[in-house]
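Engineer: In the working numbering, the protein residues as written are 27 to 91.
Even glycine gets a Cβ: it sits at the ideal position worked out from N, Cα and C.
Since we're looking at a predicted model, the values are computed, not measured.
Just dropping this structure here.
In structure tokens, the structure reads:
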């Protein structure tokens with residue numbers, strides 16, 4: 027499945043790495059693309075949208091509904 031998240035609070039490369047790491051804690055095989063300029067995170071994963079969003083939020087970023 028491919029999911030697109032609107033993530034608030036990402037401003038730098040560290041933020042990008044933190045989000046990618048969080049998603050890969052849930053699914054080690056996930057493909058993650060982060061666009062810092064738009065705050066968009068695209069994830070290809072077999073995990074649920076909710077599990078992926080929760081992982082991102084646990085890193086301290088807000089995922090818009």
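Taking just the CA atoms, how far does residue 50 sit from residue 59?
Structural biologist: Reading the chain shown from its first residue, position 33 is the one you call residue 59. Reading the chain shown from its first residue, position 24 is the one you call residue 50. Residue 59 and residue 50: Cα-Cα distance of roughly 12 Å.
Engineer: Report the rounded CA-to-CA distance for residue 37 versus residue 64, giving the unit in angstroms.
Structural biologist: The residue given as residue 37 occupies position 11 in the chain shown. The residue given as residue 64 occupies position 38 in the chain shown. Looking at the two C-alpha atoms, the distance is approximately 10 Å.
Engineer: Work out the CA separation of residue 85 and residue 44 for me, nearest whole Å.
Structural biologist: Taking the chain shown and counting its residues from 1, one reaches residue 44 at position 18. Taking the chain shown and counting its residues from 1, one reaches residue 85 at position 59. Answer to the nearest angstrom: the Cα atoms are 7 Å apart.
Engineer: Taking its Cβ as the centre, do 16 or more other Cβ atoms sit within 10 Å of residue 57, making it buried, or is it exposed?
Structural biologist: Working through the chain shown from its first residue, we reach residue 57 at position 31. Exposed.
Engineer: Kindly indicate which three-state DSSP category residue 90 falls into: helix, strand or coil?
Structural biologist: Locating residue 90 in the chain shown gives position 64, where the first residue counts as 1. Reduced to three states, the DSSP call for residue 90 is strand.
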